[in-house]
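First comes the structure, then the notes that go with it.
In the working numbering, the protein residues as written are 8 to 176.
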């Protein structure tokens, strides 16, 4: 994929495929273990992140498979056994897996979302935040990951139904 095009955005910026390189926003920089990944403790171990949706939800290689990585919980979900399967999965359900409709609606109201920014929820989705433009704000991609790493670490060992105060202290 990177031989044809070294990174790109699709679905009105709802899907980012990171390009090869070490500059900010590129693959080497994005996967640097001293960057935002470190804030997730061991939740991001073994993953090589190459793409993200409009909300900063990550797509990563996990050994020989491709998974999604929820920035609010650190949970992984299998999306394919190869890059081709992942792409077919994305194309088959792009509205849900990329957030394309909300990206389109938000940009119609606020203008184009610059590269390096994602739409993050004011009230996290995992805490009941709505998937609506009113609940979304443009955030630097690294900052969005750092903020949600705190949430993922706070809830990773909580039992289902446990209460969490938002914002975190």
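Think of the CB as a built atom: it goes at the ideal place given N, C-alpha and C, for glycine as much as any other residue.
{"Asked": "With a threshold of 8 angstroms, are at least 3 pairs of Cβ atoms found where one atom belongs to the region 107 to 127 and the other to the region 60 to 71?", "Found": "yes"}
{"Asked": "Would you mind working out which of 130, 105, 172 sits nearest residue 23, comparing C-alpha positions?", "Found": "105"}
{"Asked": "From the DSSP secondary-structure annotation, give me the bridge partner or partners of residue 51.", "Found": "BP columns for residue 51 are empty, so no partner."}
{"Asked": "Go ahead and pull the three-state DSSP assignment for residue 56.", "Found": "strand"}
{"Asked": "Relative to the C-alpha of residue 86, which residue among 116, 78, 65 is closest?", "Found": "65"}
{"Asked": "Which partner residues of residue 126 appear in the DSSP bridge assignment?", "Found": "145"}
{"Asked": "Pick helix, strand or coil for residue 171, following the three-state DSSP scheme.", "Found": "coil"}
{"Asked": "Going straight from the alpha carbon of residue 108 to that of residue 151, what length do you get?", "Found": "20 angstroms"}
{"Asked": "Look at the alpha carbon of residue 80 and the alpha carbon of residue 111, and state the distance between them as a whole number of angstroms.", "Found": "25 angstroms"}
{"Asked": "Please state whether DSSP places residue 192 in a helix, a strand or coil.", "Found": "Residue 192 cannot be examined here, being either before or after the span of the chain that is shown, 8 to 176."}
{"Asked": "Label residue 20 either buried or exposed according to how many other C-beta atoms from any shown protein chain fall within 10 Å of its C-beta, with 16 as the threshold for buried.", "Found": "buried"}
{"Asked": "On a CA-only basis, which of 49, 28, 40, 114 is nearest residue 164? Give me that one, please.", "Found": "49"}
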